[in-house]
Structure formats: structure tokens, C-alpha cells
Amino acid sequence: MEGDVTTDARAPLIRHRSNAELVANHLRHSIVRGELPDGSALPTLEHLRRRFGVGLPATREALRILESEGLVTVLRGNTGGSVVHAPSLSGAASRLGMVLRSQQVDLTDLAGALRAIEPVCAQLCAEQSDEATVGELTELIEQTRAATADEHTAIALNRRFHETLAERCGNRTLQALVGTLELLWSGQEEDWAHNLPSKYTMENRLAGIAAHERVLDRIRAGDGPGAYLAMGEHIAEGYTYVVPDEGAAGGAGA
Numbered sequence: 247m248e249g250d251v252t253t254d255a256r257a258p259l260i261r262h263r264s265n266a267e268l269v270a271n272h273l274r275h276s277i278v279r280g281e282l283p284d285g286s287a288l289p290t291l292e293h294l295r296r297r298f299g300v301g302l303p304a305t306r307e308a309l310r311i312l313e314s315e316g317l318v319t320v321l322r323g324n325t326g327g328s329v330v331h332a333p334s335l336s337g338a339a340s341r342l343g344m345v346l347r348s349q350q351v352d353l354t355d356l357a358g359a360l361r362a363i364e365p366v367c368a369q370l371c372a373e374q375s376d377e378a379t380v381g382e383l384t385e386l387i388e389q390t391r392a393a394t395a396d397e398h399t400a401i402a403l404n405r406r407f408h409e410t411l412a413e414r415c416g417n418r419t420l421q422a423l424v425g426t427l428e429l430l431w432s433g434q435e436e437d438w439a440h441n442l443p444s445k446y447t448m449e450n451r452l453a454g455i456a457a458h459e460r461v462l463d464r465i466r467a468g469d470g471p472g473a474y475l476a477m478g479e480h481i482a483e484g485y486t487y488v489v490p491d492e493g494a495a496g497g498a499g500a
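In the working numbering, the protein residues as written are 247 to 500.
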């Protein structure tokens, strides 16, 4: 039919953004850039409507989009208004967990990702040879040693050692990526320790401390490849305690 732009199969489909998406995109950028700080209140619906030149339905839909992304909370009732939430690792972990669950990703897959990435963090820490990093890791090992009788505290401190390697590696992208994965993993580790306490024996705890000491020795020596190998050996052994036995169910975001 003449004038019908859909008749050419080669023509790209062009999807114009709705007014709501355009408003949400603008506000999202303002939140991410820090122009709208965490905990601040958004302007009223009427103010936003006039500012962007759109209708109230589009303005409300924009806020619903942002709320679904965890960037705002829309307050209902007499008070009304909307509160800004800066992006966080916990929010990212929650959304990533839902994605992994929807794709039926299991714990073995999540463990494999951490096995591939965490040794890189250890290597970067060693290559920086930062005294503050060494001091913090040393203190964590000592705290873990003192808490070996308390399995839940020991697990939390053990996980904190891994998180610190990511935080101190000097690469902000890795910090965010590993931090998100660590939050997912720590939830599984806590569930595992609660449901199967007999597997997290004193022998396991002491072995974990010894492994952390080997990683720390390589970091203290500035030995990047050595830190990589020590961390790889540690997590290859340690994660087998948490990943369910073959054939057992276990969603990465459960």
C-alpha cells in the first residue's frame, strides 16, 4: 500500500520514547550524577509536570518507572511526594538475584564467576602493595581467629576478607561487580551455615584462616601472580563447602 512504511521488511522499526520514559530518563541521570542526592525529596508532581511540559499521567508513570528501578520511593497518603535513593550494591544485588533466578542460574555458576574474578582482585591488591590494605586484612584475619567458636561471626568475617580484597583492588568497576556478586554469595553462605552447620567444622574454619594468611603473605610481598594463585586455590577449595551436592537445587538469587 502506498505510503505504508511497514511494507518494506528491511526498514528498521523505530520506537519513539514516551513522555514518561523521557522524564524518567532525565530524573535518572540527575540521581546517578548526584544532582538529586540520596534521601532528598523530588519536587511535587505539579512542579515536575510544568518543568517537563507533560501531563500528570506521564509524570506519574515516570515515577513508577523510577520506583521499579529502586531509585525513588513514592509516598502514598496525605503526605505524598517521592524520596530519592542513590544506586547501591545491595539494590543491584537484589535485581541481579531476580534475573539469575528467572534464568534458573545455580550456585555452581555463581561460584564459577567468583572463582574467575576474586583472584584478579587479590593480584591487584598485591601489585599496589598498600600498607592500609595489608593492615585491614591482617586485622580481619585476627578477628576471624578470635571468633572461630562462633560459626556465624566467623562466616561474616571470612566473607568480609573477600569483600575487602574487592574494595581495595583499585579498580572501581571490579569493586562494583565483585561487591554485587559477594552480596549474593554471602546470603547463600549464611543460609548454608544455618541449614548445614555440621559442614562448617572447626577444621574448615582454621583451614580458611590459613588460606587467607597465604593470600595476605603474597599481597604483603607485592607478589601479584602469587596472590592470584593463592586466592584461586583458596576459593576452589572453600566454595565446595557451600555449593550444594551434585543434583541438589540451589538458585543463585534465592
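Idealized CB from N, CA, C, for every residue including glycine. Since we're looking at a predicted model, the values are computed, not measured.
Comparing alpha-carbon positions, the option among Ser432, Thr447, Glu483, Ala266 lying closest to Ala457 turns out to be Glu483.
Secondary structure note for Ser340: its alpha helix (DSSP H) is the uninterrupted segment 335-348. Between Leu273 and Leu302 the beta-carbon gap is near 15 Å, outside 8 Å, which marks them as no contact.
Under the three-state reduction of DSSP, Asp352 is assigned to strand. Leaving aside the five residues that flank Leu386 on each side, the residues in its chain whose CB is nearer than 7 Å to its CB run, in chain order, Leu403, Arg406, Phe407, Thr410.
Rounded to the nearest angstrom, the Cβ distance from Ala473 to Arg464 is 4 Å, consistent with a contact under 8 Å. Of all C-beta pairs linking the region 359-373 to the region 413-427, three or more are shorter than 8 Å, placing the two stretches in contact. Counting C-beta atoms within 10 angstroms of its own C-beta, Gly285 has fewer than 16 neighbours from the protein chains shown and is therefore classed as exposed. Counting only runs that start and end inside the region 376-404, the alpha helix (DSSP H) elements of at least 4 residues fall at 377-392. When the beta-carbon positions are compared, Leu427 and Ala339 come within less than 9 Å of each other. Using a 10 angstroms sphere on the CB of Ser314, the tally of other CB atoms stays under 16, which defines it as exposed.
The beta-carbon separation of Ile277 and Ala332, rounded to 7 Å, stays under the 8 Å limit for a contact. Here Arg451 is actually not in contact with Thr379; their C-beta atoms are around 23 Å apart, not less than 8 Å.
Counting the other Cβ atoms within 10 Å of the Cβ of Ala270 gives 16 or more, which makes it buried.
As far as DSSP is concerned, Ala473 takes part in no beta bridge. Within the region 267-313, the complete alpha helix (DSSP H) segments at least 4 residues long are 291-298, listed from N- to C-terminus. Scanning its chain for C-beta atoms nearer than 6 Å, with the 5 sequence neighbours on each side dropped, one finds around Leu321 the residues Gly327, in chain order.
Within the DSSP secondary-structure output, Val330 pairs in a beta bridge with Val318. His480 sits buried, since 16 or more C-beta atoms from the chains shown fall within 10 Å of its C-beta. Per DSSP, Gly468 lies in no alpha helix (DSSP H) and is assigned neither H nor E. Around the CB of Gly280, fewer than 16 other CB atoms lie within 10 Å, so the residue is classed as exposed. Cβ atoms of Leu291 and Val330 stay farther apart than 8 Å, at about 15 Å. In the structure shown, Gly478 adopts helical secondary structure according to DSSP, grouped into three states.
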